[in-house]
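Right, one structure below, let's go through it.
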Amino acid sequence: MMKTAFVLLALLAFSQALLRIPLMRGKSSRQLLEERGLFEEYRRKFPYNPAAKFLPRNEQSEVPMTFDPDTTYYGVIGIGNPPQYFKVLFDTGSSDLWVPSVSCTTSACDGHVRFNSSASSSFQAGTKPFYISYNSGFVAGSTGYDIIRISDLYVAHQVFGLTETEAVFLGSVPWDGILGLAFPSLSIEGGTPIFDNMWNQGKIPQYMFSMYLSSSVEGSMLILGGTDPSYYTGGINWIPLYGATNFWNIQIQSITINGNTVACSGGCEAVVDSGTSLIIGPSKDINNINGWLGAAPGQYDDAAVSCSSMNLLPDIVFNINGYSFSLPPSAYIIKSVSGCRTGFAPGTWILGEVFMRQFYTAFDVSNNMVGFAQAV
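Numbers -17 to -1, 1 to 359, taken from mature numbering (1 follows the signal peptide of the UniProt record, and there is no 0), label the letters of the sequence shown in order.
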């Protein structure tokens, strides 16, 4: 009895050491721009190329990013003493933290919170400039060091970027900045990324984080330091990282519909990326999937389906490391004011929000693994 009580206490203490950061699901850029009648113009001007940030570094001098009109999840962090609060995209596809600065001169910063370094008693200026290129512009500015507050956890002397120029499309995103959760070697700021600093500073019980992405406005959660079984059913299926890419990169064996291989024949590599809204894959494979779904190719790589036929569509099964992850139509069909479309778009393989909403996702740095479990 005593032993059982001790185990329960230990489990309770461990679960309390986990840090839960609520994520909100705001209106996407697509929704905000559609409301203003500007979406078509933005889509023409700012091409969607989510795979750009995963190109080998020798093919690019900076880290490109893209206008993703459907990214919606963000959480709140505090920077400085006293903390100044920002909405950030927690992005497993990059490794840097950046927010707008009060020195930002472009209109993209107008609707966002800006960091005032002179209002923080703990701020230290960095010596490196900060630059991320975009397909259609860039963010640039300076770097600095300060205390970062995430929930009840404080990370000391964290490097971050302070933007002074931002690409115009960033004015329409629902978050102020980005907090990267990929590996340290991808950091262009040259410092230690914030999650690694949390571990180095002894702030979390395990070198692991996990994400639950809900379809609702509220209820999504980032869990730092482990996993939370209340967000998934059954066990977590663990998959080793594939290739030394420094991204959360895994190998998919095949993608099937009704037992037929429709994509990824012979295997393919995919990045698990919370900073990409859709499931991305080579045009040939994506066109084949959309063809099986009876989707009509639309403008800007969208593929439209009839909303009334959604219940008749098949599950799409991702076969990974001996496990089968089945994606029902409710997960891969996206409804908007303009109708229904599939959650698949062309590029190199990325499992984004569409996949992660269906499967609670754990990122284990210690063991170089990604885990998927059926989300509740």
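Glycine included, every Cβ here is placed at the ideal spot set by N, Cα and C.
This structure is a prediction, so every number in the text was calculated from the model and none was measured.
For Gly61, collect the residues of the same chain with a Cβ closer than 6 Å to its Cβ; drop the 5 residues on either side in sequence, then sort them by chain order. Non-local beta-carbon contacts of Gly61 in its own chain, meaning distances under 6 Å to residues more than five positions away in sequence, involve Tyr68 and Arg132 in chain order.
Do you know offhand how far Leu(-9)'s Cα is from Tyr137's? Summary for Leu(-9): the model assigns pLDDT 41, below 50, so the residue's position carries little reliability; its value from the coordinates is reported in the next sentence. Roughly 25 Å between the two C-alpha positions.
Apart from the five residues just before and just after Gln236, which ones in its own chain have a Cβ nearer than 7 Å to its Cβ? Beyond the five residues adjoining it in sequence on each side, Gln236 comes within less than 7 Å, by CB distance, of Gly250, Asn302 and Ile303 in the same chain, given in chain order.
May I ask you to list the residues that DSSP assigns as paired with Leu145? Val82 and Ser125
Under a Cβ-count criterion, where at least 16 other Cβ atoms within 10 Å of its own Cβ denotes burial, should Leu196 be classed as buried or exposed? buried
Can you give me the start and stop residues for the alpha helix (DSSP H) that residue 362 sits inside? This structure does not reach residue 362, given that the chain is present from -17 up to 359, and the question cannot be answered.
Beta-carbon spacing of Val300, Thr239 below 8 Å: Judged by their CB atoms, Val300 and Thr239 are nearer to each other than the 8 Å cut-off.
Since Arg324 and Ala356 should fall inside the 8 Å C-beta cutoff, what is the C-beta to C-beta distance between them, to a whole number of angstroms? Going by Cβ atoms, the distance from Arg324 to Ala356 rounds to 27 Å, so no, they are not a contact pair.
Complete runs of the beta strand (DSSP E) confined to the region 274 to 321 [at least 3 residues]: 286 to 288, 299 to 303, 306 to 310 and 316 to 319
Cβ of Tyr31 within 8 Å of Cβ of Ala328? yes
Give the DSSP bridge partners of Asp74, in chain order. Beta-bridge pairing links Asp74 to Gly163.
Considering only their Cβ atoms, is the gap separating Asn64 from Ser104 smaller than 8 Å? yes
Quick check: does the Cβ of Val288 come within less than 7 Å of any heavy atom belonging to the ligand FAD? Ligands displayed in this structure: none; no statement on the ligand FAD is therefore possible.
With a threshold of 16 other CB atoms inside 10 Å of the CB of Val353, please say whether the residue is buried or exposed. buried
Applying the criterion that 16 or more other CB atoms from any shown protein chain within 10 Å of the CB defines a buried residue, is Pro223 buried or exposed? exposed
Once you ignore the five residues that flank Lys343 on each side, which residues in its own chain have a CB closer than 6 Å to its CB? This sequence places Tyr at residue 343; Lys is not what is there. Counting only Cβ-Cβ distances below 6 Å, and skipping sequence neighbours, we find Tyr195, Tyr214, Tyr215, Ala356 and Ala358.
Under the three-state DSSP convention, the category Arg53 falls into: The identity of residue 53 in the sequence shown is Asp, whereas the question assumes Arg. Asp53: coil per DSSP, three-state reduction.
Start and end of the beta strand (DSSP E) containing Gln357? Met352 to Ala358
Could you have a look at Phe152 and say whether DSSP puts it in helix, strand or coil? helix
Extent of the continuous alpha helix (DSSP H) to which Arg27 belongs: Phe22 to Lys28
When you compare only the Cα positions, how much space is there between Gly305 and Ser86? Distance between the alpha carbons of Gly305 and Ser86 is about 51 Å.
Exposure of Glu23, with buried meaning 16 or more beta-carbon neighbours within 10 Å: exposed
So Ile187 and Leu6 are supposed to be a Cβ contact under 8 Å. How far apart are they, rounded? Contact doesn't hold; Cβ gap of about 18 Å is too wide.
According to DSSP, simplified to helix, strand and coil, what is Tyr214? Three-state result, Tyr214: helix.
In chain order, what residues of the same chain have a beta carbon less than 6 Å from the beta carbon of Ala12, not counting five sequence neighbours either side? The identity of residue 12 in the sequence shown is Ser, whereas the question assumes Ala. These residues qualify, in order along the chain: Pro52, Ser155 and Val156.
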